[in-house]
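*Asks:* One structure is given below, represented as structure tokens, and several questions about it will come after.
In this note's numbering, the protein residues as written are 47 to 599.
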């Protein structure tokens, strides 16, 4: 049986893999157990890691540091890559408002930490450590330690305060989310509000506006500021696939794809809206009429990545119309200005022979999309790590600030996911591969974090100041997110998933995000998290250094 013991006790690369795999498997399995209707999901891996460290399981420190770093980097980069396509659109609409809620949490927590330090006589370096642990922000701790070394003060107690308050910092945000959902959330708050996955609306109109009689489709489009695509025209029992120069006539029946908010305005333009509902999921579009077919074709030719739809000249060259583009789970209106991405699914309407030609032009090689672009992922990670090491000098700061291992990769993931197609960078990753890499990275990170904290956790708790630190940290975790979370919920502007993302992002808490993503609909929590995390993390790093420089001397 000695060889079995060696798997867990003899330091080696093999032992590291065995121990971390055991922690992850047990944590993920127990995380699915519901107690009182509540389960912790992937966050349970962290607590299994603490238990493993407490009972004496150890791995090589360099191996542990590598696995923890790799897990965190993979998770945050893939998260940024996943939310990137919708990030800047969300930022333009409500991103700054989301960050204001995050700033409220950060500001309240900072003021509370200063007040509690004076009330309890806890030294500022120790209180900064408590604050870093309560907000699960290790980059801020690193910045604080660097500031302490600059002014000649020891940093050991600050690191110890972070270690002892970190576990309840993780659990505290989850507790708040559970309690808010149990006692304050109404059923309508669970419905997605800011993340409408279908950006398109299909309607049928009858042209009775005499001003449109004899005008071409291009001329009608120029008359209005609204965005729409006419995919079919029914005229005298014939079906036409309209071109830009196709002339409209009175009493034509037209099928239009537009935004839902513009449907009523288009009724005023064309004259009469049909009562037929064309937005049901089960409509067989190929049986709507016999001469025109509708196909979903996948953009898999790399040379077309980043091209605008209008540049492809599909209507002019093949006589077809593209009515919608599906990207991930989001349906987009197929305007000429839409920049296409590798892996987009285009709904193309036209005659069967023309569609065959378009299929060849676009590629439609579905099988190639099942292979994740691993090389691009590693290249993006390298760029993210490089971005995270760039020193940023701020006025009044003795040491430069860096985005770090978490901030750099998530920002680079957002940039690549959103802007990669503009420079013809293939950033497409299958949804299943993205989810698997995020779960793998987060599980590794939590297992390493828990294992490292578990060695001295209970001994530190039993120290005279241990209980005080834990209590202060729990207060700094729970009070700000509870107050701001309830205030945001009271406005009724956000769904519950978005509020969870704000809370997790402002507290730099990927573990709580994992719980939120498992228990809410859609990607609302992830998008909100990515919207507030980079700026919130950066501000916390600056605040940690400012507290050390200005209040501990």
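Built from N, CA and C at the ideal position, the CB exists for glycine as well.
Give the C-beta separation of residue 554 and residue 579 to the nearest angstrom, bearing in mind that I take them to be a contact with Cβ-Cβ under 8 Å.
*Replies:* Translated into positions along the chain shown, residue 554 becomes position 508. Translated into positions along the chain shown, residue 579 becomes position 533. Going by Cβ atoms, the distance from residue 554 to residue 579 rounds to 7 Å, so yes, they are a contact pair.
*Asks:* With DSSP collapsed to three states, give me the class of residue 342.
*Replies:* Taking the first residue of the chain shown as 1, we reach residue 342 at position 296. Strand at residue 342.
*Asks:* Leaving out the 5 sequence neighbours to the left and right, which residues in its chain are closer than 8 Å to residue 210 when beta-carbon positions are compared?
*Replies:* As a first step, residue 210 must be located in the chain shown, where it is residue number 164. 179, 503, 506, 507, 512, 515, 516, 519, listed in sequence order.
*Asks:* Specify whether the stretch 393-411 and the stretch 95-114 touch according to this definition: at least 3 beta carbon pairs, one from each stretch, less than 8 Å apart.
*Replies:* In short, these stretches do not touch, since the Cβ pair count stays below three.
*Asks:* Please name the residue or residues paired with residue 318 in a DSSP beta bridge.
*Replies:* As a position in the chain shown, residue 318 is number 272, starting the count at 1. DSSP lists 252 as partners of residue 318.
*Asks:* Short check: CB of residue 434 to CB of residue 449, under 7 Å?
*Replies:* Residue 434 sits at position 388 when you count from the first residue of the chain shown. Residue 449 sits at position 403 when you count from the first residue of the chain shown. In contact: residue 434 and residue 449 (Cβ atoms closer than 7 Å).
*Asks:* Going by beta carbon distance, what residues of the same chain come within less than 8 Å of residue 353, once the five residues before and after it are set aside?
*Replies:* Taking the first residue of the chain shown as 1, we reach residue 353 at position 307. Only 385, 386 meet the Cβ criterion.
*Asks:* What are the boundary residues of the beta strand (DSSP E) that residue 565 is part of?
*Replies:* Walking along the chain shown from the start, residue 565 turns up at place 519. Counting along the chain, residue 565 falls outside any beta strand (DSSP E), though it belongs to the alpha helix (DSSP H) covering 556-565.
*Asks:* Which partner residues of residue 301 appear in the DSSP bridge assignment?
*Replies:* Within the chain shown, numbered from 1, the residue matching residue 301 stands at position 255. According to DSSP, residue 301 bridges with 250, 278.
*Asks:* Do residue 543 and residue 577 have their beta-carbon atoms positioned less than 7 Å apart in this structure?
*Replies:* Here residue 577 corresponds to residue number 531 of the chain shown, with the count starting at 1. Here residue 543 corresponds to residue number 497 of the chain shown, with the count starting at 1. Taking 7 Å as the Cβ cut-off, residue 577 and residue 543 do not qualify as a contacting pair.
*Asks:* Is it buried or exposed, residue 325, if we count other Cβ atoms within 10 angstroms and call 16 or more buried?
*Replies:* Reading the chain shown from its first residue, position 279 is the one you call residue 325. Counting Cβ neighbours within 10 Å, residue 325 comes out exposed, since fewer than 16 surround it.
*Asks:* Give me the residue from 79, 110, 70, 108 with the minimum Cα distance to residue 94.
*Replies:* Along the chain shown, read from residue 1 onward, the residue named residue 94 stands at position 48. If we check each option's Cα against that of residue 94, 70 comes out closest.
*Asks:* Would you decide whether residue 339 is buried or exposed? Buried here means 16 or more other CB atoms lie within 10 Å of its CB.
*Replies:* For the purposes of this step, residue 339 is taken as residue 293 along the chain shown, with counting starting at 1. Per the 10 Å Cβ criterion, buried.
*Asks:* State the CB to CB distance for the pair residue 487 and residue 120, rounded to an integer number of angstroms; the pair is presumed to be in contact (CB under 8 Å).
*Replies:* Along the chain shown, one-based indexing puts residue 487 at 441. Along the chain shown, one-based indexing puts residue 120 at 74. With a Cβ gap of about 3 Å, residue 487 and residue 120 count as contacting.
*Asks:* Rounding to the nearest angstrom, what Cα-Cα distance links residue 159 and residue 72 in this structure?
*Replies:* On the chain shown, residue 159 is found 113 positions in, with the first residue counted as 1. On the chain shown, residue 72 is found 26 positions in, with the first residue counted as 1. Going by the C-alpha atoms only, they are around 36 Å apart.
*Asks:* Residue 271: buried (16+ other C-beta within 10 angstroms of its C-beta) or exposed?
*Replies:* Locating residue 271 in the chain shown gives position 225, counting from the first residue. Result: exposed.
*Asks:* Quick one: which unbroken alpha helix (DSSP H) runs of 4-plus residues sit fully inside the stretch 480-544? Chain order, please.
*Replies:* Those alpha helix (DSSP H) runs which fall completely within the stretch 480-544 and span 4+ residues are 503-507, 512-537.
*Asks:* Relative to the C-alpha of residue 476, which residue among 429, 453, 521, 422 is closest?
*Replies:* For this step, residue 476 is matched to residue 430 along the chain shown. For the residues 429, 453, 521, 422, the minimum Cα distance to residue 476 belongs to 422.
*Asks:* How far does the alpha helix (DSSP H) with residue 61 in it reach, from first residue to last?
*Replies:* Mapped onto the chain shown, residue 61 falls at position 15. It spans 59-76 - the alpha helix (DSSP H) in which residue 61 sits, taken as one unbroken run.
*Asks:* Using C-beta distances below 6 Å, list every residue in its chain close to residue 242, excluding the 5 sequence neighbours before and after it, in chain order.
*Replies:* If you number the chain shown from 1, residue 242 lands on position 196. Per-residue confidence for residue 242 stands at a pLDDT of 49, beneath the threshold of 50, marking its modelled position as unreliable; the derived number appears in the next sentence. Around residue 242: no qualifying Cβ.
*Asks:* Using beta-carbon positions only, say whether residue 527 and residue 219 come within less than 7 Å of one another.
*Replies:* As a first step, residue 527 must be located in the chain shown, where it is residue number 481. As a first step, residue 219 must be located in the chain shown, where it is residue number 173. It is a contact, given that the beta carbons lie within the stated cut-off.
*Asks:* Along the chain, where does the alpha helix (DSSP H) that runs through residue 408 open and close?
*Replies:* Locating residue 408 in the chain shown gives position 362, where the first residue counts as 1. 398-408 is the extent of the alpha helix (DSSP H) around residue 408.
*Asks:* Roughly how many angstroms lie between the CA atoms of residue 346 and residue 409, to the nearest whole one?
*Replies:* Numbered from its first residue, the chain shown carries residue 346 at position 300. Numbered from its first residue, the chain shown carries residue 409 at position 363. Roughly 5 Å separates the two Cα atoms.
*Asks:* With DSSP run on the structure shown, which of helix, strand or coil describes residue 377?
*Replies:* Translated into positions along the chain shown, residue 377 becomes position 331. Strand, per DSSP.
*Asks:* With DSSP collapsed to three states, give me the class of residue 284.
*Replies:* Translated into positions along the chain shown, residue 284 becomes position 238. Of the three classes helix, strand and coil, the one that applies to residue 284 here is strand, per DSSP.
*Asks:* Using C-beta distances below 8 Å, list every residue in its chain close to residue 289, excluding the 5 sequence neighbours before and after it, in chain order.
*Replies:* In the chain shown, the residue the question calls residue 289 occupies position 243. Counting only Cβ-Cβ distances below 8 Å, and skipping sequence neighbours, we find 263, 361, 362, 365.
*Asks:* What are the residues that DSSP puts in a beta bridge with residue 293?
*Replies:* Numbered from 1 along the chain shown, position 247 holds the residue referred to as residue 293. Residue 293 pairs with 262.
*Asks:* Can you grab the Cα-Cα spacing for the pair residue 392 / residue 370, in whole Å?
*Replies:* Locating residue 392 in the chain shown gives position 346, counting from the first residue. Locating residue 370 in the chain shown gives position 324, counting from the first residue. Distance between the alpha carbons of residue 392 and residue 370 is about 6 Å.
*Asks:* Compute the distance between the beta-carbons of residue 309 and residue 212, then report whether it is under 7 Å.
*Replies:* Position 263 of the chain shown holds residue 309. Position 166 of the chain shown holds residue 212. In this structure, residue 212 does not lie closer than 7 Å to residue 309 by Cβ.
*Asks:* Can you find the residues in the same chain that come closer than 6 Å, C-beta to C-beta, to residue 490, ignoring five residues on each side of it along the sequence?
*Replies:* In the chain shown, residue 490 corresponds to position 444, counting from 1. 113, 117, listed in sequence order.
*Asks:* From residue 61 to residue 105, what does the alpha carbon distance come to, in whole angstroms?
*Replies:* By one-based count along the chain shown, residue 61 stands at place 15. By one-based count along the chain shown, residue 105 stands at place 59. Each residue's Cα considered, the two are about 7 Å apart.
*Asks:* For residue 424, does the count of other Cβ atoms within 10 angstroms reach 16, so buried, or fall short, so exposed?
*Replies:* Counting from one through the chain shown, the residue named residue 424 turns up at place 378. It is exposed - the Cβ of residue 424 has fewer than 16 other Cβ atoms within 10 Å.
*Asks:* Taking the continuous alpha helix (DSSP H) assigned at residue 324, which residues delimit it?
*Replies:* Here the question's residue 324 lines up with position 278 in the chain shown. First-last for residue 324: undefined, no H or E at that position.
*Asks:* State the CB to CB distance for the pair residue 148 and residue 582, rounded to an integer number of angstroms; the pair is presumed to be in contact (CB under 8 Å).
*Replies:* Within the chain shown, numbered from 1, the residue matching residue 148 stands at position 102. Within the chain shown, numbered from 1, the residue matching residue 582 stands at position 536. Contact flag correct, Cβ pair sits at about 5 Å.
*Asks:* With 16 other CB atoms within 10 Å as the buried threshold, where does residue 79 fall?
*Replies:* Translated into positions along the chain shown, residue 79 becomes position 33. It is exposed - the Cβ of residue 79 has fewer than 16 other Cβ atoms within 10 Å.
*Asks:* Do you know how far the Cα of residue 532 is from the Cα of residue 40?
*Replies:* Residue 40 lies beyond the stretch modelled for the chain, which goes from 47 to 599, so this question has no answer here.
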